[in-house]
Every structure is written in structure tokens, then in C-alpha cells.
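Chemist:
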Amino acid sequence: MQNIVLPWSDPRGKRILLLALPIVGGMVSQNIMNLVDTAMVGSLGDAALAAVGLGGFANFMFMALLLGLSTGVQTIAARRKGEGLHDQTAVALNGGLLVLVCVAPPLAAILYWAIPTIYPYLNSDPAVIEQGVPYLQARVLAMFFMGANFAFRGYWNGIDLPRLYMGTLIAMHASNIFLNWVLIFGNLGAPALGVQGAGIASALSTVVGFTIYIFLGFRHARDASFLQRAPSRAHVATLLRLSLPTGIQQLFFSTGFVLTFWIIGQVGTRDMAAATVILNLTLVALLPGLGLGLAASTLVSQALGRNDPEDAARWGWDVARIGMVALALLGLPGAIWPELLLGIFIHDPETMAVATFPMRLVGIGMAVEGLGMVMMHNLLGAGDNKRVMKVAVVAQWGLFLPLAYLVGPVLGFGLAVIWCLQVGYRAGMAGVFTWFWMRRGWAGIRV
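FYI, the numbering for the sequence shown is 28 to 474, going by my numbering.
1. Could you give the DSSP three-state label for L138: helix, strand or coil?
2. What residue range does the alpha helix (DSSP H) around D411 cover?
3. May I ask which residues mark the beginning and end of the alpha helix (DSSP H) holding G109?
4. Please report the distance separating the alpha-carbon of R466 from that of I156.
5. Which of the three DSSP states, helix, strand or coil, is assigned to L71?
6. Between G550 and A104, is the Cβ-Cβ spacing less than 8 Å?
7. Mind checking whether G390 and G358 have CB atoms under 8 Å apart?
8. Taking H113 as part of the alpha helix (DSSP H), name the residues at either end of that continuous run.
9. Helix, strand or coil: which one does DSSP assign to H262?
10. Apart from the five residues on each side of it in sequence, which residues of its chain come closer than 7 Å, Cβ to Cβ, to G455?
11. By DSSP, does S281 sit in helix, in strand, or in coil?
12. Pairing CB atoms from the stretch 91–104 with CB atoms from the stretch 271–286, are three or more of them under 8 Å?
13. Between the C-alpha atoms of L308 and S259, what's the straight-line distance to the nearest angstrom?
14. Anyone know if the C-beta pair for Q115 and Y162 falls short of 8 Å?
15. Going by CA-CA distance only, name the one from M402, G80, W446 that's closest to A225.
16. How about L356 and V450: do their beta carbons lie closer than 8 Å?
17. Which runs of the alpha helix (DSSP H), 4 residues or longer, sit entirely within the stretch 184–231?
18. Look at the Cβ atom of A135, then the Cβ atom of M170, and state whether they are nearer than 8 Å.
19. Can you tell me whether DSSP reads S324 as helix, strand or coil?
20. Look at the alpha carbon of F280 and the alpha carbon of R249, and state the distance between them as a whole number of angstroms.
21. T144: buried (16+ other C-beta within 10 angstroms of its C-beta) or exposed?
22. Quick check: what's the CA-CA separation for L448 versus Y432?
23. For the 8 Å Cβ check, are there 3 or more pairs between the stretch 332–352 and the stretch 121–132?
24. What separation, rounded to the nearest whole angstrom, lies between the Cα atoms of V401 and A323?
25. Would you say the beta carbon of A302 comes nearer than 7 Å to a heavy atom of the ligand NAP?
26. Please state whether the Cβ-Cβ distance between L266 and G109 is less than 8 Å.
27. Excluding sequence positions up to five away, which residues of its chain have a Cβ less than 7 Å from the Cβ of A382?
28. So, is F245 buried or exposed, given that buried needs 16 or more other C-beta atoms within 10 angstroms?
29. From what residue to what residue does the alpha helix (DSSP H) around Q423 run?
30. In chain order, what residues of the same chain lie with their CB nearer than 6 Å to the CB of A457, ignoring the 5 residues before and after it?
31. Report all residues from its chain with a CB closer than 7 Å to the CB of P132; omit the five preceding and five following residues, and keep chain order.
32. Go ahead and pull the three-state DSSP assignment for G174.
33. What are the start and end residues of the alpha helix (DSSP H) that includes D345?
34. Just to confirm, is the Cβ distance from V51 to G318 under 8 Å?
35. In angstroms with no decimal places, state the Cα-to-Cα distance between V32 and G425.
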């Protein structure tokens with residue numbers, strides 16, 4: 028028992044919880060809103076569910092390179108805080124916003140024009156295409172605001188103010204639910220836009236979040252040079268060096284998820300609808316692990332800023348223990364009562380039969396997911412982004428996707444076997460990241 032961190036009594040555990048709980052709270056709120064969104068759209072049928080699921084991951088794929096800026100901003104801000112350079116912590120955020128202003132608007136315009144051509148390659152079901160194209164077009168128009176919100180998230184987490192992120196996220200997703208109710212079903216005199224309304228609501232909610240973040244930036248970060256000091260070329264180069272590997276990793280990861288949806292779509296629309304619900308339920312349990320991972324990244328980076336790799340290593344293990352226990356508990360309902368959870372969103376008995384075993388499998392594997400999530404962010408906080416990228420890309424594209432296509436469309440085993448492979452490859456990545464952390468090759472990386 029002496030080696031087990033007890034968060035409610037241990038000083039280090041309290042430090043982890045003070046940093047992680049606001050992040051986790053924000054993550055939980057995000058997933059609750061996503062589930063409400065899914066439940067609203069689910070009433071429109073399997074094609075609508077499939078369109079939103081595929082469109083959401085396609086939007087993530089389009090955004091992936093830009094979302095990597097969040098990791099770079101957080102790592103640099105936390106390192107400067109650890110070095111005692113508080114007046115420089117927001118320079119990386121300024122750099123991230125500058126990159127987004129230059130890149131996001133033209134990219135959004137190109138994608139909006141190209142989506143009607145691209146979407147049929149992602150899914151051939153006419154009903155999914157009809158509903159998915161306008162949904163995805165609405166989402167990409169908010170590309171700058173979504174990227175900026177992630178950059179702000181990285182900054183608040185890096186300087187130990189995650190409560191600002193949590194409050195903004197709750198406000199943003201509450202507005203998303205309200206706008207869903209108005210635009211999907213045509214309440215308060217608005218037209219009933221269905222799936223397209225869900226896309227517009229999501230886009231507008233990111234604008235709400237960005238507006239709040241700008242206000243908070245002027246209130247809490249002006250002394251840290253927020254929009255007061257332009258980043259130098261060296262600052263931008265460092266930001267891109269840290270952000271691009273993570274962005275490339277996320278690009279491959281999100282593209283891989285879109286390809287996974289395409290593979291499942293070859294099996295059938297019912298399987299694709301089931302996969303959409305399973306993924307949204309999985310994120311309810313998984314994103315608190317991501318919140319703990321973000322906290323670990325900050326703690327590791329600040330310790331390295333103080334030139335204390337031993338303390339960085341201890342923080343990594345402390346958070347990993349908490350993450351494994353927390354996600355194991357959150358996975359229990361899916362492992363024991365999968366039909367109870369799925370029944371909120373799935374009303375077709377045949378779709379329920381397809382989804383039950385994968386949902387149970389997800390619940391069983393959540394503890395290992397917690398370990399992998401924290402260990403990956405430990406390495407990102409230390410600046411070891413390139414190795415994380417290589418492992419994630421090889422595991423997903425070299426192993427999982429080829430095997431998923433083989434067992435699914437080719438051999439006809441369906442969603443259950445595909446999900447066995449999904450859980451297996453994620454567990455393998457968790458093992459590799461843990462081994463890297465034990466080897467401590469990250470300790471000498473400069474940021």
C-alpha cells in the first residue's frame with residue numbers, strides 16, 4: 028500500500044487532482060453534450076447517426092494538423108512557467124493564433140468547396156451522403172475558431188488554470204445543446220434542418236467558446252504577453268517543431284478513424300450506426316483519461332523546466348496510477364450492462380445486437396486505455412513528440428487498418444472482430460509508451 032497514490036490524502040495526489048479535475052470536468056461535460064447530440068440525431072434514424080459520426084471524424088481529420096498546436100502551446104507555456112519566465116508564457120499562444128489566422132480561413136474555403144466531391148468516397152450510401160455533406164460543410168466553416176479554442180486549452184492547462192477551460196467548455200456545449208434543439212427540430216420558429224442543423228449548431232458553439240476565451244485572455248494573461256508581444260521566428264519554429272509531429276500523428280489517427288468508418292460502412296450501415304454510438308459512449312469514459320493525460324503533460328513539463336527529471340518521472344507514474352483506476356471504474360457499466368447504455372441511443376433490435384459485444388469489450392479494456400493515454404501525454408510533455416508519432420502511425424496504419432479490412436469486408440466477420448483488433452492495437456501502444464517512459468530517453472530533450 029505504501030507505493031499506491033491515494034489522491035485524497037497524498038500531497039502529490041492532491042496536486043494532480045487540483046490540476047486534473049477541472050480538465051476532467053470539462054471533458055465529461057463535452058462528452059455529455061456529445062451524447063445528447065447523438066441522442067437528438069439518433070431519433071432521425073441510422074443514416075443520420077452514420078452521417079454525424081462520419082462527418083465528425085472527417086472534420087477532425089481536416090483539423091488534425093492545426094489541433095497539434097495545442098500540444099506545442101501547452102508544452103512551451105508549462106516549460107516557461109517551470110523556468111519562472113511568467114511574462115513569456117503567452118508568447119506561444121500568440122504564435123499559435125498567428126499560424127491559425129494565416130492557414131485556417133483559406134483551408135476552410137477549399138474544403139467547403141471540395142466536400143461534395145470527397146464525401147461519396149467516404150461512404151456510398153445515398154442517404155448518408157445527402158445528410159452528411161451539409162453537416163460537414165457547416166463544421167469546416169468554423170475551422171479557425173475550433174483551432175483557436177484548442178490553442179487556448181493548451182495554454183490554460185500549461186499555466187495551471189484549467190478551470191477557465193472547463194467553464195468555457197461547459198458554456199460552449201450548453202449553447203450547442205440549445206442550438207441543436209432549435210435547428211435540428213425547428214423550434215422557436217427556426218426551420219427544421221435535421222442533421223445540417225446539428226452541424227450549424229456545433230459550428231456556432233465554437234464561436235461562442237472563442238469569444239469567451241478572448242475575454243479571459245485579456246483578463247488573465249495580459250501580464251504574460253497575450254496579444255502584447257509578437258512571437259519571433261525562433262518562437263514560431265519551436266512551436267512548429269513541437270506541434271507538427273503531434274499534428275501529423277492526429278492527422279493519421281483521424282484519417283485512420285475515417286478509414287475505419289469506411290471499412291465498417293462496407294460491412295453495412297447498421298454496423299456503422301452501431302460504431303457511432305459505441306465511439307461516443309467510449310469517449311465518455313476515455314476523455315477523463317485524456318484530461319488526466321493533459322495534467323500529466325503539464326506536471327512533467329514544469330518539472331523539466333525546473334531541471335528535475337526525477338520529479339518528472341514520479342509525476343508521470345503518479346498520474347498513470349490514478350488514470351488506470353479511474354478509467355477502470357468508468358468502464359464497468361459498459362462491461363456489465365452494455366444493453367442498458369446502448370438502449371438510450373439505439374432503438375433497432377438488430378443494431379443493438381451488433382453493438383453489444385464491442386461495447387462490453389470497450390468496458391473491459393478501459394484500464395489499459397487509461398495507462399496508454401497518460402503515458403503518451405507524459406512523453407508529449409517531455410517533448411518526445413516524434414517517437415509518439417511514429418509508434419501511433421505504425422500501430423494504426425501498419426497493423427490495425429490492414430487487419431480490419433481483411434477481417435471485415437474481405438472475410439465478413441463484421442464489427443465484433445474489428446473491435447477486438449481496435450482494443451488490441453491500443454493496448455499494444457500503451458505497452459510501448461510505458462516502455463519508453465521507463466527508459467527515460469526523454470529526460471534530455473530541450474524545449
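Yeah, the Cβ is synthetic: ideal placement off N, Cα and C, and Gly gets one too. Values in this document were obtained by computation on a predicted structure and should not be read as measured data.
Modeler: With the given structure in hand:
1. helix
2. Element bounds for D411: n/a, residue is neither H nor E.
3. 96–110
4. 48 Å
5. coil
6. Since the first residue of the chain shown is 28 and the last is 474, residue 550 is not available in this structure.
7. yes
8. From DSSP, H113 is part of no alpha helix (DSSP H); its letter is neither H nor E.
9. helix
10. A422
11. helix
12. yes
13. 43 Å
14. no
15. G80
16. no
17. 189–212
18. yes
19. helix
20. 35 Å
21. exposed
22. 11 Å
23. no
24. 7 Å
25. The ligand NAP is not part of the structure shown, which contains no ligands of any sort.
26. no
27. A301, V304, I305, L369, I373
28. exposed
29. Where Q423 is concerned, there is no enclosing alpha helix (DSSP H), given that its DSSP letter is neither H nor E.
30. V395, L398, G399
31. F171
32. helix
33. 336–363
34. yes
35. The predicted position of V32 is uncertain, since its pLDDT is 45 and thus under 50; no value can be drawn from it.
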